[in-house]
Amino acid sequence: MRSHLLNDTTTEHYRRSVTEGVERVAAKLAATDRPFTGVTADDLAPRIDAIDLDRPLGDTTAVLDELEDVYLRDAVYFHHPRYLAHLNCPVVIPAVLGEAVLSAVNSSLDTWDQSAGGTLIERKLVDWTAARIGLGPAADGVFTSGGTQSNLQALLLAREETKTQDLGRLRVFASEVSHFSVQKSAKLLGLGPDAVVVVPVDHDKRMQTVALAHELERCAEAGLIPMAVVATAGTTDFGSIDPLPEIAGLCEQYGAWMHVDAAYGCGLLASLKYRDRIDGIERADSVTVDYHKSFFQPVSSSAVLVRDAATLRHATYHAEYLNPRRMVTERIPNQVDKSLQTTRRFDALKLWMTLRVMGADGIGALFDEVCDLAAEGWKLLAADPRFDVVVEPSLSTLVFRYVPAAVTDPAEIDRANLYARKALFASGDAVVAGTKVSGRHYLKFTLLNPETTTADITAVLDLIAGHAEQYLGESLDRAC
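Numbered by the numbering used here, the letters in the sequence shown go through residues 150 to 629 in order.
Written out as structure tokens, the structure reads:
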């Protein structure tokens, strides 16, 4: 079994195995003509359940054949132009190369003696991102597993900066369409059940700053502590961007930590056309970025950035076997001093490879393309009497629903839209997401693939309308 260990004596085995896997995936990608096969969990589960993990196949080719049956054939392929559902992007080749390198070398980014140059590469990318945001010379940060962890760490720092032990007095303000991780983080941080104050949004799904000011004033009058305001630069449902300059001013007025969840909207940091849409982000105390959403990176690749590096001390714990205090005076750079994680992948390498091959402008141009596509998609929806579209996009998300001319029952329209989404997924012809707006069911396109065209959008809208009409026709037949 030692022949399977990657070392100096098995490099040819490594080369053959990885090449065979890459060729298998490349062939699959080249032959994929739709984003999904439509397989159900009931269909797929018996195939996986039948596999005896205690009886290995012992051969790479046989394992890849089996993998074709239980995974590759029925995977949901984000690279397909009619995958329009969640915040999943197609990935760029330099990043995939970086993934192969980091997996084989297997550095752990917690301490210098496990990563060496990897530590410095991550720090360089943190500095690069902080500079793009405009956080200033004292900024710092660390890579994380994703936006949820980044938001958790940012709110941990905000909690500790209040310097209070009375957690019941702390309040966090976030819009009604902010990410659920704000609520989850408050619970994990031991805050009270009323800790998160939900602020209403305007017609464009942006936090209402008048309402925020009112809530902050109520907080102050009640003797409570405004721990943090979470502004969103790219909400999950709508891609909406909160008014960052106005929120920054209110945070300064009331002494609240300003966190910007830019997990989605961080692509604007590289944009050649739309960077001004996140003006004001430079005034934040902390920022979440997800490179695996709008920098076209493989999962996972995220980071939390802070204006003041000293605040990261709230995540620091020194262990003699890992990062003893003396290492600080010896100027040994240990990233675990800043991180909630200990063992941590060298995910920064993927972004490094991307920037060194494509450059930031290359990434920004791709993100600009999907923002432009969303603008065109909005025009199509606004002009199509079959659909009601919610808001003009700030990024690359479109929220809409099919509205038949002859049906006025909102509940029946809800059921038609739910059916259309389910039927479309089952067909495998396209994948779209869903959400609720004012209690009603809507559909959602999250456009993150520059290969998607307006023709794709038109075709998928026609498919949705066809499925919805089929449901309504069958519903009418049943009623008769």
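C-beta: ideal position from N, C-alpha, C; glycine also.
Since the structure is predicted, the reported quantities are computational estimates derived from the model, not experimental observations.
Check whether residue i and residue j have beta carbons under 8 Å apart
i      : j      : result
SER488 : VAL254 : no
ALA452 : GLY187 : no
ALA405 : ALA382 : no
ILE634 : LEU399 : Outside the displayed span of the chain (150 to 629) sits residue 634, for which this structure offers no information.
SER389 : CYS415 : no
GLY296 : ASP439 : yes
ARG589 : ASP605 : no
LEU471 : VAL485 : yes
GLU401 : GLY283 : no
ASP496 : SER543 : no
Reduced DSSP secondary structure (H/G/I, E/B, other) of residue i
i      : result
ARG480 : coil
LEU502 : The identity of residue 502 in the sequence shown is Met, whereas the question assumes Leu. Helix.
GLY290 : strand
TYR226 : coil
TYR163 : helix
ALA405 : coil
VAL453 : strand
VAL174 : helix
THR437 : strand
ARG475 : helix
ASP533 : coil
TYR568 : helix
ALA280 : helix
ILE200 : coil
TYR551 : strand
ASP486 : helix
TYR232 : strand
TYR220 : helix
CYS629 : At CYS629 the pLDDT is 48, less than 50, meaning the model places this residue with poor confidence and gives no usable figure here.
Whole-Å CB distance - residue i paired with residue j, under 8 Å assumed
i      : j      : result
ALA287 : ARG456 : 7 Å
VAL539 : VAL581 : Going by Cβ atoms, the distance from VAL539 to VAL581 rounds to 14 Å, so no, they are not a contact pair.
ASN566 : LEU592 : 6 Å
ALA279 : LEU454 : 5 Å
VAL519 : PHE536 : At roughly 20 Å, the Cβ-Cβ gap does not stay under 8 Å, so VAL519 and PHE536 are not in contact.
GLY317 : GLY341 : 5 Å
MET376 : VAL321 : 5 Å
C-alpha distance - residue i paired with residue j, whole-angstrom precision
i      : j      : result
ALA194 : LEU221 : 14 Å
CYS238 : ILE512 : 12 Å
LEU421 : ASP517 : 7 Å
SER330 : ALA344 : 13 Å
LEU610 : LEU251 : 41 Å
GLN357 : THR384 : 14 Å
THR181 : LEU498 : 28 Å
ASN156 : LEU258 : 21 Å
MET476 : VAL506 : 35 Å
Environment of residue i [buried if 16+ CB atoms lie within 10 Å]
i      : result
THR637 : Nothing about residue 637 can be read from this structure; the chain reaches only from 150 to 629.
ARG269 : Before going on, a small fix: residue 269 reads as Leu here, not Arg. Classification for LEU269: exposed.
CYS629 : At CYS629 the pLDDT is 48, less than 50, meaning the model places this residue with poor confidence; the figure from the coordinates comes in the next sentence. By the neighbour-count rule (16 or more Cβ atoms within 10 Å), CYS629 is not buried but exposed.
GLN314 : exposed
THR260 : buried
GLU161 : exposed
LYS336 : exposed
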